[in-house]
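Residue numbers (our numbering): 56 to 286.
Heads up: the structure comes next, in structure tokens.
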């Protein structure tokens, strides 16, 4: 980000980010990255650490908790506005007996704070307070997700986060203004695009979950080929 802010060349440079603050990132990915001296940023959902339940999209029982009629309602709704749909699904989630693998649970604060200690190469960012769809929120809830979430992370880790990642990659002009007004240096989407874009709508390449080594190599080779053709 320093190179980007200074308008230096980004050729051959990649920034590695992880969303949500999963335990698996800190227990498995981060030790490997640290040993290789590869820095990374983890965007934390401020009210998730230490919670004894998975995020709703990782709950193996989440869809089974609804009747066939309820499932049909959501399948029909998926043709509508994505921000409203995601917010409705998040709020409608019911507790279930299903347990996600431990690596897919939120990491505890002690683990997060230790990994983000000065000089360790791990940076923390904000991924909202509760991972709601920000475009669907009123001003009070938006303030909680954008501003109060950062305060919680600072209180629990001592880190003042400078970067924000939009939950689900969903944002609009109102949300962007709120993030910028809150004093964040930049914010990240899940859209592809040019890294010289708006600082509060920076693109990222979303690596699919479960991708194997061969598929990842082919995927990145394709990205590099497209970049060469574009330059």
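Glycine included, C-beta positions come from ideal geometry on N, C-alpha and C.
Exercise. Mapping DSSP to helix, strand and coil, what is residue 257?
Worked result: Within the chain shown, the letter at position 202 stands for residue 257. In the three-state reduction of the DSSP assignment, residue 257 falls in the strand class, which pools E and B.
Exercise. What is the DSSP secondary structure of residue 47, counted as helix, strand or coil?
Worked result: Any answer about residue 47 is impossible in this case: the structure gives the chain only from 56 up to 286.
Exercise. Excluding the five sequence neighbours on either side, which residues of its own chain have a C-beta within less than 8 Å of the C-beta of residue 89, listed in chain order?
Worked result: Here residue 89 corresponds to residue number 34 of the chain shown, with the count starting at 1. Contacts found: 175, 176 and 177.
Problem set entry | Inter-stretch contact (C-beta, 8 Å, three-pair minimum) for the stretch 177-187 and the stretch 215-231 | Cβ pair count under 8 Å is three or more, so yes.
Exercise. Does DSSP put residue 93 in a helix, a strand or coil?
Worked result: On the chain shown, position 38 is the one that residue 93 refers to. Coil at residue 93, not helix or strand.
Exercise. In chain order, what residues of the same chain lie with their CB nearer than 6 Å to the CB of residue 276, ignoring the 5 residues before and after it?
Worked result: One-based indexing of the chain shown puts residue 276 at position 221. Sequence-distant partners of residue 276 (beyond 5 residues in either direction) whose C-beta falls short of 6 Å from its own C-beta are missing from its chain.
Problem set entry | Whether residue 218 touches residue 180 by CB criterion (7 Å) | Taking the chain shown and counting its residues from 1, the one referred to as residue 218 is at position 163. Taking the chain shown and counting its residues from 1, the one referred to as residue 180 is at position 125. A distance below 7 Å separates the beta carbons of residue 218 and residue 180.
Exercise. On the three-state DSSP scale, how would you describe residue 74?
Worked result: Reading the chain shown from its first residue, position 19 is the one you call residue 74. Secondary structure of residue 74 (DSSP, three-state): strand.
Exercise. How close, in whole Å, do the beta carbons of residue 168 and residue 211 come, if the pair is a contact with beta carbons under 8 Å?
Worked result: For the purposes of this step, residue 168 is identified with residue 113 of the chain shown, where counting begins at 1. For the purposes of this step, residue 211 is identified with residue 156 of the chain shown, where counting begins at 1. The pair is a contact, with the Cβ atoms about 7 Å apart (cut-off 8 Å).
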